[in-house]
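Everything below concerns the one structure shown next.
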DNA sequence: TCTAGAATTGAACATTCGTTCAAGTTAGTG
DNA sequence: CACTAACTTGAACGAATGTTCAATTCTAGA
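Chains as they are written, first to last, in the working numbering: chain A, 1 to 174; chain B, 175 to 348.
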C-alpha cells in the first residue's frame with residue numbers, strides 16, 4: 001500500500017528540512033524555508049508538525065534510520081571491519097554536508113530530551129555491530145567512541161580519514 | 175594595562191553569547207538575546223561585531239583558548255594521562271551545558287571557514303599533548319579521535335565517562 | 001454515489017529579527 | 001583645558017518569524 005497524502009507530504013517536509021540543515025544548519029530550519037524548499041505553502045509545516053522541534057526530531061529519526069540500515073548491511077558483508085572502514089571514508093568524501101547535518105542533529109539531541117531516543121539509535125546500532133566482533137564490552141565502547149570522534153574531527157579538520165588506517169586501528173582495538 | 179571600554183564590552187557580549195548557547199543553542203544567539211543577557215542595549219552587538227557569525231567566532235575562540243589552557247596545564251601535571259582522564263570526566267559531570275555549547279560551536283565551524291582556525295585550536299592542542307606521550311603519529315590520531323568521540327557520545331547517551339576506563343583505554347592505545 | 005474527516009491553502013496577526021541613523025557620552029591626547 | 005575619536009544608546013525601518021483562522025479541495029469508506 002502506498003502512503004497516504006499526509007504521509008507523503010510529511011516525508012517531503014522532512015527531506016526538505018534535511019536539505020536545509022545540510023546547506024545552512026539547524027538555525028535555517030524555519031516553516032517558510034522548509035516549505036519553500038518542498039514547494040508547499042508556508043502553513044503546511046504547522047499543520048503536519050507540532051513545532052520546529054518536532055520536525056527536527058522526525059528529520060533525525062529519518063537520518064538515523066538510514067544510518068542504522070547501512071550498519072546492518074555492513075554487518076552482513078563478508079569482511080565487516082573493512083566494509084565499515086571504507087563506508088565511513090567514502091561517506092565522508094561524498095556526503096560531507098549530509099554528515100555535518102547528521103552530527104548537528106545528533107548533538108542537538110543532547111539538549112532535547114524528546115530527540116534522545118533517535119540519537120541513541122546510531123549509538124546502539126554501532127554498538128551492536130561492533131559487539132559481533134568481540135565480547136569485550138570495554139573494547140566495544142572504545143571502538144565506538146573512536147569512530148564517532150574520527151568522523152567529527154575529520155569534519156572539523158577537513159582531512160579525509162584514511163580507510164586503511166581506520167581499519168588497522170579498529171583491528172588493534174578489538 | 176586594563177582592557178579599554180570597548181574590549182570589556184566585547185568580552186561581556188562574548189560571555190553572554192556562550193551562556194545563551196549553553197541554555198538554548200546557537201540558534202538562540204540573536205542581537206537582542208545576547209545584549210539582554212549582558213544588560214546592554216540591543217544596538218551594542220551590531221556596533222562591536224560585524225555579524226552574528228563574527229560573534230560566534232569570538233565565542234569559539236574564547237572557549238577554545240580556555241580549553242587549550244587547560245590542556246597545557248595538564249601537560250605539566252605529574253601524571254598527565256591520569257590528569258587528562260579525570261579532567262575530562264569531571265568536565266562532563268560539572269560542565270555538561272558548557273561542553274554541549276563548545277561542541278556545537280566546534281561543529282558549526284565545520285561549515286564556516288572563518289571559524290576553522292579556532293576549531294583546530296582544540297584539535298592541535300590535544301594532538302600536541304598526546305604527542306608528548308608517544309612518537310607514533312598513528313597512535314596520537316587514534317587517541318585524539320577516541321577522546322573527542324567519547325565526550326560526544328557521553329553527551330548524547332547521558333552516561334558519564336568512567337575516568338579509570340578512560341585512562342586505561344588511553345594507555346592501551348599508546 | 002454521498003459524505004464525513006483529513007488535507008490543503010491563502011490571508012492576516014503580533015513578535016522578533018538584523019540593521020541603520022543620529023544624538024549623546026566618555027576617555028585619552030595634544 | 002580643549003578636542004577628537006571611540007563608544008554608547010534610543011528610536012525606528014523593513015523583513016522574516018510562528019501561528020491562527022476560515023474557506024476550499026480531496027479521498028476513503030458507508
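Even for Gly, the Cβ is constructed at its ideal location relative to N, Cα and C.
Everything numeric in this text was worked out from a predicted model, so none of it was measured.
Nearest-angstrom beta carbon gap, residue j and residue i [assumed within contact, 8 Å]
| i | j | result |
| --- | --- | --- |
| residue 233 of chain B | residue 195 of chain B | 7 Å |
| residue 324 of chain B | residue 156 of chain A | The Cβ separation is near 16 Å, so there is no contact. |
| residue 111 of chain A | residue 274 of chain B | 6 Å |
| residue 160 of chain A | residue 93 of chain A | 5 Å |
| residue 282 of chain B | residue 226 of chain B | About 11 Å; that fails the 8 Å criterion. |
| residue 279 of chain B | residue 244 of chain B | Wrong, their Cβ atoms sit about 16 Å apart, outside the cutoff. |
| residue 48 of chain A | residue 4 of chain A | At roughly 12 Å, the Cβ-Cβ gap does not stay under 8 Å, so residue 48 of chain A and residue 4 of chain A are not in contact. |
| residue 152 of chain A | residue 326 of chain B | 6 Å |
| residue 40 of chain A | residue 9 of chain A | 7 Å |
Cβ neighbours of residue i in the same chain (closer than 8 Å, five flanking residues each side left out)
| i | result |
| --- | --- |
| residue 1 of chain A | The predicted model places residue 1 of chain A with a pLDDT of 49, which falls under 50 and marks its position as unreliable; any figure quoted below should be read in that light. Cβ neighbours of residue 1 of chain A beyond the five flanking positions: none. |
| residue 28 of chain A | 20, 21 |
| residue 146 of chain A | 169, 170, 173 |
| residue 192 of chain B | 233, 236, 237, 272, 275 |
| residue 293 of chain B | 234, 238, 279, 280, 283, 284 |
| residue 154 of chain A | 92, 160, 161 |
| residue 270 of chain B | 329 |
Residues near residue i by beta carbon distance below 7 Å, same chain, minus five either side
| i | result |
| --- | --- |
| residue 130 of chain A | 140, 143, 144 |
| residue 38 of chain A | 12, 13, 16 |
| residue 205 of chain B | 216, 219, 220 |
| residue 301 of chain B | 314, 318 |
| residue 116 of chain A | 109 |
| residue 248 of chain B | 254, 257, 258, 261, 303 |
Buried versus exposed, by CB contacts within 10 Å (16 or more), residue i
| i | result |
| --- | --- |
| residue 288 of chain B | exposed |
| residue 81 of chain A | buried |
| residue 208 of chain B | buried |
| residue 224 of chain B | exposed |
| residue 158 of chain A | exposed |
| residue 167 of chain A | buried |
Beta-carbon contacts of residue i that lie in its chain and below 6 Å, excluding the five residues immediately before and after
| i | result |
| --- | --- |
| residue 163 of chain A | 85, 86, 89 |
| residue 133 of chain A | 174 |
| residue 121 of chain A | 64, 68 |
| residue 210 of chain B | none |
| residue 299 of chain B | 242, 245 |
Query raised in the report: For the segment 48-105 of chain A, which segments carrying the beta strand (DSSP E) assignment without a break, of at least 3 residues, lie completely within its bounds, in sequence order?
Result: none
Query - Entirely enclosed alpha helix (DSSP H) segments - the segment 305-341 of chain B, minimum 4 residues - result: 311-331
Requested in this report: Write down every uninterrupted run of the alpha helix (DSSP H) in the segment 180-212 of chain B whose length is 4 residues or greater and which is fully enclosed by it, in chain order.
Outcome: 205-212
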